[in-house]
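S.K.: If you scroll down you'll find the structure; I have some questions about it.
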Amino acid sequence: MATTITKVDKLVGKRIRRKEDPRLITGTATYVEDITRPDMQHAVIVRSPHGAARIKGIDISKAAALPGVTAVFIGKDITGVGSVVCAADLPGLRRPVHHILAQSRVYLVGHPVAVVVACNRYIAADAADLVEVDYEVTQAVTDPEKALAPGAPAVHPEWPDNKAFVYHQTGGDIDKAFADADVIVRQRIVSQRLVPNAMETRGVVAEWLQAERSLTMYTSTQIPHLARTILAGQLGIDENRFRLVAPEVGGGFGSKLNVYAEEALMGFITMKTGKPVKWIESRRENFLCTIHGRGHVDYFEIAAKKDGAILGLRLKLIQDLGAFHQLLTPAIPTLSVLMMPGLYNFRNIDADVIGVFTNCVPTDAYRGAGRPEATHGIERMVDMLAAELKMDPAVIRFKNFVQPDQFPFPTATGLNYDSGDYGATLQKAMDLIGYDDLRKQQAEARAAGRLMGIGISTYGELCAFGPSPATPAGGWESATVKIEPTGKVTVLTGTSPHGQGQETSFAQIAADELGVPMDDIIVLHGDTSIVQYGIGTFGSRNTAVGGPALYYALQDLKEKIRKFGRMLLEADDVVFENGVCTDPKTGKEVSIQTIAGAAYRALKLPPDTDPGLVATKFWEPSNFAFPFGAHIVVSEVDRDTGEIAIKRYMAVDDIGNQLNPLLVDGQLHGGAAQGLGQALWEHGIYDDNGQLVTGEFMDYVMPRARMMPWIESSHTVTPSPVNPLGVKGVGEAGTIGSTPAMVNSVVDALSPLGIRHVDMPLTPEKVWKIVNGATA
Amino acid sequence: MKIAGNATLPFPPERAYDLMQDPAVIAKAIPGCEKLEKTGDNEYSLKMKMVLASLSGAFDGKVRLTEPDRPNSFRMVVEGSGKIGFMKGDGLLKLTPNDAGTEVSYEGEAQIGGTMAAVGNRMIDMTARMLIKRFFDKLAAEK
Amino acid sequence: MIANEFEYTAPASLDEALALIAGGAKPLAGGMSLIPMMKLRLAAPEHLVDLARLKELNYIREEDGEIHIGAASTHYDVESSPLLLGKCPLMAETAAYIGDIQVRNMGTLGGSVAHADPAADYPAALQALDANIVLRSSTGIRTLPASEFFIDTFTTAIEPGEIVAEVIVPVELGLTGTSYQKFLQPASGFAIVGIAARVHQQGGAIDMIRIGVTGLSGSSYRAANVEAVLNGKQPTDETIRAAAALVGQGIDASADLHASAEYRKHLATVYTVKAIQAALARSA
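For the record, the sequence lines run as chains F, U and A.
Just so we're aligned, residue 1 is where the first sequence starts under the numbering used here, counting upward by one.
Just so we're aligned, residue 1 is where the second sequence starts under the numbering used here, counting upward by one.
Just so we're aligned, residue 1 is where the third sequence starts under the numbering used here, counting upward by one.
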């Protein structure tokens, strides 16, 4: 049978529109809210309005009596369910028991106290209003430094000092570094609490079938397999009888890299009532009850010689943990310590981390997870050092960068930077934006009384999590590639993309390797019954860890394809390219589609070869990946209003090889938006009573398209030596690089007024007060 | 949220002070107050209904009058909670004589929580001001 | 986020609507303020009467030197109306600042006016325009100037059983320049301050000036003290700044986490200058 052989262009490296988009744009994707099951109940959770209180009593009688209500559960009804899991471990870590429903006390506004289950969401809402809870309000504390002060209210009565842990890490000889220093600059720097605000809130549909002892759970998560293992443990059921599905997930940014009380709670409800149950988080619940990001009060001290050579860095990091530990809460600040030296080659560091309990929702991983805070810190300190020494901030950076011939570079914090040319990237950014010319313009602007600023950040990033010993649950990733009898290809990735675009980029990889059109390839993920165990999506790891797993599975398949090719062509050797095996001696060909048919029909098999055309690979990375970049922001401050105008935004990022530059742009733009959000707009503010003051979009300032600058973007490419694709990871890089560039720019604009630091967010009133106060 | 402001009452400070310590007068002046009952020394239980635009809700709470310094100043704490949330106002009131009678200046903290807080931070200041204004307007009508 | 149960009626005529409202039903227009409150269960009206599609409330027409705008006109209707753009551009310009496209497609002039949010945009324009508000009930009709209609925070002169039926604005005299300038609260888009300015010049001097202010305090107002300084004068940068500095005088300015009272008053001054200068540029 003749087949048309077509030469397929290489797709990796091309800007290709996403396969995901048609269903997303036409509203035909299936999110948790779209899932219905026969006789499905609806759950509404009653939550504490107080930041700290004793529960004196709960009266559910009126709620339970409402027609249409199936059940009402409170804390004492929850038996046989383990508490919420924290997978992080630190020496001496104090672990409060985190029940899935409050027992005798509530520890934060939003703490779940009761759950109403009814036949529809309307009756559930009405019944929730009828639950009466008698609280004895106690004093809350929400500021981590206030929580550490003597006499502060105890968040957990058993630990009145409100300390969850202290962690110390040191490298080199910090005392000598500070003794040798000509200049020491000290600064308190706050990386404020942020609310992740994924477009889709959380939600769960859970269905228990008693006869099978099987649980099916749909949940908006980034880690379907890990969540299944953890929840199976919490619920006391067999992992292999538990199907967990992440359907379409509308963004996570780390806030869904977690296992929440509500997931176990829905499992409990369906097992107890014997009916499927759905819970969909409202936006207000999302603000109050889904993890927040950042929450640092950092005290930095940098020591240097008067020629600008940095000798060492001290950090006292006060981490606002919230009231409980979610999955990785205590581990996040340790990532800040790892990245505290940034791109610089100084060898002396000393870090003291204090994890503090507060009556707030827990902090945990949020786009960058500890690295934005560290990068903001070192980049601000380097700028302040430059100002102190009257050096140009670019010059001091060039002087201190790790040099190209120093890779792999062992950092003072125990990492091994894989590859890079930091100076080249900064130089490129400066050339593209016309740095020298900008400084001239700035001098003219200043002479005319205008507040123009130029801010640089050179950031390093630690991502592509990662070598398994350095992770809490394994850091490898998996892929299965199945070629069906008709030659169509199915990729099963253990990653769990929720916007990152692997249905497209992984199809590009498979298309290139197998020589089949992209349209013949589908990429499945997120369903534990379909996809082999995977670690999931976070830490910018999909491409750098999931990609090589796929690549190696494809190589195994290609090996088998060549075996069948040799057999079918009766050749000693074949070349497999563009979807076709060719005998170089005779020029005879056989297509991958024919080979696939033969592999399953198995009329004849090559020696030592099984039928079928499926390969699975579990791939362990030998190191993290280390993208880096230089962002430069030109801004101007309006003296009259304090408003900041972003005049230019230049990003030069090195994320290694790029599979799909369109996806890379999307990640960098989105990352920059979230990084600018931290610098200028966003702040999750709790008052002293535990109320989240910025608890809705009326007050929490989300970046909007109209607020964003035009991002000029370029790249350098330093392939990663850690994986065969040479990719590093890009998901979080933009967030990490943008924040300090923006703040450095505004501080530079205000420096003629004697300003050396401002804390985020740089709201108009805050800036106006500075300008007003300084010139008054 | 810090609140501060002032109001003028058309009587001398002594009368203004006594009026503001009189539960019968306070019960009429607190906007939406339906019941005010003595529960202790200078402490009263409060039932009120608040209406602001389309928002309306019933509150149970208490009023406490402390730090008496007749006729110069005193502290008033009003708190209430209901289905739509809870609120607390804690203010020091200072009375000084002026041509029109008495200038009352107040300074303190206003907080809200619960569902009411979901409409936005600006509601705290707005609601507090409006309630305080209505309180003093009603007081001023006491002749 | 589920409202309490309620009845809903879409009446065929205004008379039918007014009869239901006289009986205690609550009017619903665009729902942009009411529905969020209902979903939070902060408002729980038992019966909603939908006014949005009533022909008797949906029109924009000119009569005897005035423009009559039906209360159910959406902000988009006001923003895009050729009649308003040509003859009362301040209304169209102000409407364009409200919320976002989705809000402007649904929200109505009458609903916004009746709601009297202290940070709404229209009141500044309506104060500056000396607009008239027409109120109807099942028993009658009356008209009030904006200055008497807006009383306090979310408080208007509307009596039980009445709805805002129409807003009447003037046709601007030929060379009147107008402008609405707004400092947006960056999260909600409401006005931290919003200044509407109308100005007419004759022989190089201002012979008519109106300044409407919203957002600064509990209620909108006309800044008569600013107007008094500039009326009859030649508008120089100096006199404009001196006049604008009075815009918050004697006003109890609001405060929230986005703007303190002090900053808000300062912005009012800055934006009054902006509004006057923009209006002047259009009045030449």
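Idealized CB from N, CA, C, for every residue including glycine.
Predicted, not measured: the structure shown is a model, and the values here were computed from it.
1) Report the option in F:Y122, F:K272, F:G151 whose CA atom is closest to the CA atom of G80 of chain F.
2) In whole angstroms, what separates the C-alpha of T216 of chain F from that of A246 of chain F?
3) Using a cut-off of 9 Å between C-beta atoms, extract the partners of G85 of chain U located in chain F.
4) Quick one: what's got a C-beta closer than 6 Å to R541 of chain F's C-beta in the same chain, skipping five residues either side?
5) Grab the span of the beta strand (DSSP E) containing I58 of chain F for me, first residue to last.
6) By the 10 Å Cβ neighbour count, where 16 or more other Cβ atoms means buried, how is D583 of chain F classified, buried or exposed?
7) Using a Cβ-Cβ cutoff of 7 Å, what residues of the segment 283-315 of chain F are near chain U? List them in chain order.
8) Check whether the Cβ of D699 of chain F lies closer than 7 Å to any Cβ atom in chain U.
9) Drop a sphere of 10 angstroms on the beta-carbon of R129 of chain U, count the other beta-carbons inside from all chains shown, and report buried for 16 or more, exposed for fewer.
10) According to DSSP, simplified to helix, strand and coil, what is G487 of chain F?
11) Helix, strand or coil: which one does DSSP assign to L327 of chain F?
12) Assuming the contact rule is C-beta atoms closer than 8 Å, G61 of chain U and E79 of chain U should be a hit. Round their C-beta distance to whole Å, please.
13) Where does the unbroken beta strand (DSSP E) through K163 of chain F begin, and where does it stop?
14) Quick one: give me the first and last residue of the beta strand (DSSP E) that K138 of chain U is part of.
15) Would the beta-carbon of A4 of chain U fall within 7 Å of that of E67 of chain U?
16) Against chain A, which members of the segment 672-699 of chain F pass a CB distance test of less than 8 Å?
17) From the DSSP output, which residues share a beta bridge with D653 of chain F?
18) Taking the continuous alpha helix (DSSP H) assigned at T425 of chain F, which residues delimit it?
19) For the segment 359-369 of chain F against the segment 414-431 of chain F, are there 3 or more C-beta pairs whose distance is under 8 Å?
20) Expressed to the nearest angstrom, what Euclidean distance is found between the alpha-carbon atoms of T739 of chain F and G460 of chain F?
21) Report the option in F:C581, F:P621, F:I561 whose CA atom is closest to the CA atom of L605 of chain F.
22) Scan the segment 564-604 of chain F and note each continuous beta strand (DSSP E) run of 3 residues or more that stays entirely inside, going in chain order.
23) Am I right that V78 of chain A and A92 of chain A are in contact with their C-beta atoms under 8 Å? What's the rounded C-beta distance?
24) Can you find a C-beta in chain F that's less than 7 Å from the C-beta of A120 of chain A?
25) Can you tell me the Cα-Cα spacing of M266 of chain F and I55 of chain F, whole angstroms?
26) Considering Cα atoms alone, identify which of F:R213, F:S336, F:H292 is closest to T694 of chain F.
27) Going by beta carbon distance, what residues of the same chain come within less than 6 Å of F154 of chain A, once the five residues before and after it are set aside?
28) For a contact defined as C-beta to C-beta under 7 Å, what are the partners of R241 of chain A on chain F?
29) Report the option in F:S336, F:D383, F:L335, F:G322 whose CA atom is closest to the CA atom of T363 of chain F.
30) So within the segment 460-521 of chain F, which uninterrupted beta strand (DSSP E) runs reach at least 3 residues, ignoring any that extend past its ends?
31) Using 8 Å as the Cβ pair cut-off and three pairs as the minimum, do the segment 221-229 of chain F and the segment 492-510 of chain F touch?
32) Leaving out the 5 sequence neighbours to the left and right, which residues in its chain are closer than 7 Å to N258 of chain F when beta-carbon positions are compared?
33) Helix, strand or coil for C289 of chain F? Go by DSSP, reduced to three states.
34) Could you tell me which of F:G251, F:K278, F:R213, F:Y552 sits nearest to Y366 of chain F, measuring between CA atoms?
35) Should T528 of chain F and L231 of chain F be called a contact, given that it needs their Cβ atoms to be closer than 7 Å?
36) Less than 6 Å between C-beta atoms, sequence neighbours within five positions excluded: which residues of the same chain meet that for I5 of chain F?
M.R.: The structure says:
1) Counting from one through the first sequence, the residue named residue 80 of chain F turns up at place 80. Ranking the options by Cα distance to G80 of chain F, first place goes to F:K272.
2) Numbered from its first residue, the first sequence carries residue 216 of chain F at position 216. Numbered from its first residue, the first sequence carries residue 246 of chain F at position 246. Using only the alpha carbons, I get a separation of about 11 Å.
3) Counting from one through the second sequence, the residue named residue 85 of chain U turns up at place 85. Correct list: P49.
4) Looking up residue 541 of chain F in the first sequence gives position 541. The residues are A464, F465.
5) By one-based count along the first sequence, residue 58 of chain F stands at place 58. 53-59 is the span of the beta strand (DSSP E), which, as asked, contains I58 of chain F.
6) For this step, residue 583 of chain F is matched to residue 583 along the first sequence. Buried is the call here.
7) R284
8) Here residue 699 of chain F refers to the residue found at position 699 when the first sequence is read from its first residue. So yes, D699 of chain F belongs to the interface.
9) Translated into positions along the second sequence, residue 129 of chain U becomes position 129. It is buried - the Cβ of R129 of chain U has at least 16 other Cβ atoms within 10 Å.
10) The residue labelled residue 487 of chain F in the question sits at position 487 within the first sequence. G487 of chain F: coil per DSSP, three-state reduction.
11) For the purposes of this step, residue 327 of chain F is identified with residue 327 of the first sequence, where counting begins at 1. In this structure, L327 of chain F counts as coil in the three-state DSSP scheme.
12) Within the second sequence, the letter at position 61 stands for residue 61 of chain U. Within the second sequence, the letter at position 79 stands for residue 79 of chain U. Indeed, because the Cβ distance is near 5 Å, the residues count as touching under 8 Å.
13) Sequence index remark: in the first sequence, residue 163 of chain F carries index 163 (1-based). Its beta strand (DSSP E) spans residues 163-171.
14) Taking the first residue of the second sequence as 1, we reach residue 138 of chain U at position 138. Looking at the DSSP string, K138 of chain U is not in any beta strand (DSSP E); the run it does join, the alpha helix (DSSP H), is 122-140.
15) Position 4 of the second sequence holds residue 4 of chain U. Position 67 of the second sequence holds residue 67 of chain U. No, Cβ-Cβ distance for A4 of chain U and E67 of chain U is not below 7 Å.
16) W681, I685, V693, T694, F697, M698, D699
17) The sequence position of residue 653 of chain F within the first sequence is 653, counting from 1. Answer is F:G629, F:H715, bridged to D653 of chain F.
18) Residue numbering aside, residue 425 of chain F sits at position 425 when the first sequence is read from its first letter. T425 of chain F -> alpha helix (DSSP H) spans 422-433.
19) no
20) Along the first sequence, one-based indexing puts residue 739 of chain F at 739. Along the first sequence, one-based indexing puts residue 460 of chain F at 460. Rounded to the nearest angstrom, the two C-alpha atoms are 13 Å apart.
21) As a working note, residue 605 of chain F is residue 605 in the first sequence. Measuring from the Cα of L605 of chain F, the nearest candidate turns out to be F:I561.
22) 575-577, 580-582, 589-591
23) On the third sequence, residue 78 of chain A is found 78 positions in, with the first residue counted as 1. On the third sequence, residue 92 of chain A is found 92 positions in, with the first residue counted as 1. Right, their Cβ atoms sit about 6 Å apart.
24) Here residue 120 of chain A refers to the residue found at position 120 when the third sequence is read from its first residue. No, A120 of chain A does not count as interfacial toward chain F.
25) Position 266 of the first sequence, counted from the first residue, corresponds to residue 266 of chain F. Position 55 of the first sequence, counted from the first residue, corresponds to residue 55 of chain F. If I take the Cα positions, the gap works out to 23 Å.
26) Along the first sequence, one-based indexing puts residue 694 of chain F at 694. When only C-alpha atoms are compared, the closest one is F:H292.
27) Position 154 of the third sequence holds residue 154 of chain A. Closer than 6 Å at the Cβ level, and outside the excluded window around F154 of chain A, lie A116.
28) Here residue 241 of chain A refers to the residue found at position 241 of the third sequence. Here the premise fails: no neighbours, minimum Cβ distance about 11 Å.
29) For this step, residue 363 of chain F is matched to residue 363 along the first sequence. T363 of chain F has its Cα closest to that of F:G322, out of F:S336, F:D383, F:L335, F:G322.
30) 477-483, 489-493
31) yes
32) Your numbering for residue 258 of chain F matches position 258 in the first sequence. Only I291, Q326, L327, D364 meet the Cβ criterion.
33) Residue mapping note: residue 289 of chain F aligns to position 289 of the first sequence, counting from 1. Here C289 of chain F sits in helix by DSSP.
34) To locate residue 366 of chain F, count along the first sequence from 1; it is residue 366. Comparing Cα-Cα distances from Y366 of chain F to each of F:G251, F:K278, F:R213, F:Y552, the minimum goes to F:G251.
35) Within the first sequence, residue 528 of chain F is the residue found at index 528, counting from 1. Within the first sequence, residue 231 of chain F is the residue found at index 231, counting from 1. It is not a contact, given that the beta carbons lie outside the stated cut-off.
36) Here the question's residue 5 of chain F lines up with position 5 in the first sequence. At I5 of chain F the pLDDT is 40, less than 50, meaning the model places this residue with poor confidence; the figure from the coordinates comes in the next sentence. Result list for I5 of chain F: V580, in chain order.
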